[in-house]
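First the structure, in the form of structure tokens, and then the observations on it.
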Ligand code: GRG
């Protein structure tokens, strides 16, 4: 059977299971104002590839073996999707990218207003840490749960995704070097992917050597994912409804294709994916196949 077919089926099935878990992730009995709950769930249930939570589940399985870690890893899978969703809600605000559409639907602030969109993002950010805390009652040793909390704070916060976003905003129109662009991409995008893969691996019981190899895999995979995103942005992505297809040159947006050109960007995605898979093989995992196959799938994705 063709590996990409296996992945497409696995991805959609797993995304569905994650969506079921996300739906009930904010307990009904919690005294959350109805409008705030609605705003949080609006973006959480708006679709998307669910790549990061899928990577949490796939990494846990790659280390420990099929099925055994699924339940314990699911709250962490939900947590990273909450962080990702909060970042998208805030990124779409008028003070940042000022986008009207996200995942084919009006952005959170267009539906609920700016104040509620900011609060929905804040609510998701805090709730992600609550979700991680739930792993401790699902058989994950408390020191592992604590390491995951610590990683999530570092990789999503000022030294991670938030830092990458800040560097992007500070450098707007002034990013001239590949080093600066790589810093932005590594933090804005790769850090959540690093969290997804290493947190899943921690739940699966990875050794320090395996964690180090998986971190390298994730960092390169995350960079390849972002360069591919830059390429897709440039050629136009019909799934990003409401955004006129515009070249990054016209937008003055500094991306990999802008700096090194389209051909070299395509080559870079291939090279990073190859290197990421080599790093993964160094981890000597019991079931690396899905992670390897996801890497190929992302290299060739068209949305
Ligand atoms: C506001 C703190 C803060 C951070 C914003 C996520 C982000 C950082 C900005 C969004 C713009 C962007 C291009 C970010 C790079 C990461 C990325 C490619 C996000 C889109 O992720 P996908 O493709 O989205 O996984 P779906 O919709 O499939 O979940």
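In the UniProt record's numbering, the protein residues as written are 1 to 303. The beta-carbon is built from N, C-alpha and C at its ideal position, and this holds for glycine as well. The structure presented is a predicted model; accordingly, all values stated were derived computationally and were not measured.
Report task. Please state whether DSSP places residue 105 in a helix, a strand or coil. Result -> strand
Requested in this report: Kindly indicate which three-state DSSP category residue 163 falls into: helix, strand or coil?
Outcome: helix
Report task. Provide the residue span of the alpha helix (DSSP H) that contains residue 50, from first to last. Result -> It is not in any alpha helix (DSSP H) - residue 50 carries neither H nor E in the DSSP assignment.
Report task. Note down the Cα distance separating residue 85 from residue 128, rounded to an integer number of angstroms. Result -> 11 Å
Report task. Verify the contact flag: residue 196, CB atom, against every heavy atom of ligand 3, threshold strictly below 7 Å. Result -> Questions concerning ligand 3 fall outside what the structure shown contains, since the ligands it does hold are ligand 1.
Query raised in the report: For the alpha helix (DSSP H) that contains residue 145, what are its first and last residues?
Result: 142-156
Query raised in the report: Quick one, which of 119, 58, 142, 131 has its alpha-carbon nearest residue 11's?
Result: 58
Query - At least three beta-carbon pairs within less than 8 Å, the segment 120-137 to the segment 170-185 - result: no
Report task. Report back the beta-carbon spacing between residue 82 and residue 44 to the nearest angstrom; my notes put them in contact at under 8 Å. Result -> 7 Å
Query raised in the report: Start and end of the alpha helix (DSSP H) containing residue 280?
Result: 262-282
Query raised in the report: Would residue 18 pass as a contact of residue 77 if the rule is Cβ separation under 8 Å?
Result: yes
Query raised in the report: Would you report the Cα separation of residue 233 and residue 204, rounded to the nearest angstrom?
Result: 35 Å
Query raised in the report: Any chance the CB of residue 326 is under 7 Å from a heavy atom of ligand 1?
Result: Outside the displayed range of the chain (1 to 303) lies residue 326, so it cannot be described from this structure.
Report task. Compare the C-alpha of residue 22 against each of 35, 48, 222, 254 and name the closest. Result -> 48
**Report entry** Contact belief for residue 89 with residue 62 at Cβ below 8 Å, rounded distance in angstroms
**Finding:** No, residue 89 and residue 62 are not in contact; Cβ-Cβ is about 31 Å, not under 8 Å.
Query raised in the report: By DSSP, does residue 185 sit in helix, in strand, or in coil?
Result: helix
Query raised in the report: In this structure, does DSSP put residue 285 in helix, strand or coil?
Result: coil
Requested in this report: Take the Cβ of residue 108 as the centre, count every other Cβ of all protein chains shown within 10 Å, and call the residue buried at 16 or more, exposed below.
Outcome: buried
Requested in this report: Output the distance between the C-alpha atoms of residue 124 and residue 276, rounded to the nearest integer angstrom.
Outcome: 30 Å
**Report entry** Selected residue, minimal CA-CA separation from residue 189, among 160, 264, 289, 260
**Finding:** 160
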